[in-house]
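Remarks on the structure that follows.
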Amino acid sequence: MDDLFGLDKVSAHDEELELLTTAYDPTYLAIVKSILDDAKIPFLTKDRGSGAAVRVIMGYSMFGTDVFVPKELYETASALIAPPENEETEENEKDEV
82 MDDLFGLDKV
92 SAHDEELELL
102 TTAYDPTYLA
112 IVKSILDDAK
122 IPFLTKDRGS
132 GAAVRVIMGY
142 SMFGTDVFVP
152 KELYETASAL
162 IAPPENEETE
172 ENEKDEV
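Per this note's numbering, numbering through the sequence shown is continuous, rising by one, with the last residue being 178.
Below is the structure:
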């Protein structure tokens, strides 16, 4: 069924762009956009499948929104939205004290 609607495929995009993340939640999408804006990293968002039409009707897309950045800025953008590596360790240390 996903082959029919295109929900399991990355949106069509320019070859100079790299998929950074797919947001299935409007809050997560807003956070990612804000982080990229603050870092002055250009990005492109595209809804999967018929998500653009659903967004017009419902105000958000439940099919996912792909966020693309230029290939040369991918590493920087990826590091900005990735959770800290030692976050779990810090939480465990607080619990032990």
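Glycine included, every Cβ here is placed at the ideal spot set by N, Cα and C.
- Measuring C-alpha to C-alpha distances from glycine 145 to each of Leu100, Asp95, Glu96 identifies Leu100 as the nearest.
- For lysine 127, the enclosing beta strand (DSSP E) covers residues 125 to 128.
- In this structure, DSSP gives glutamate 153 a helical state, which the three-state scheme calls helix.
- By the criterion of a C-beta distance shorter than 7 Å, alanine 158 is surrounded in its chain by Leu101, Leu117, Ile122, Val150, once the five residues flanking it on both sides are discounted.
- Around the Cβ of aspartate 95, a 10 Å sphere holds fewer than 16 other Cβ atoms; the residue is exposed.
- For the 7 Å CB-CB criterion, leucine 98 and alanine 104 do not form a contact.
- The beta carbon of valine 148 sits closer than 6 Å to those of Leu101, Thr102, Val113, Phe124, Thr126, all from its chain and outside the five residues before and after it, given in chain order.
- DSSP places aspartate 147 in the strand class (E or B) of the three-state scheme.
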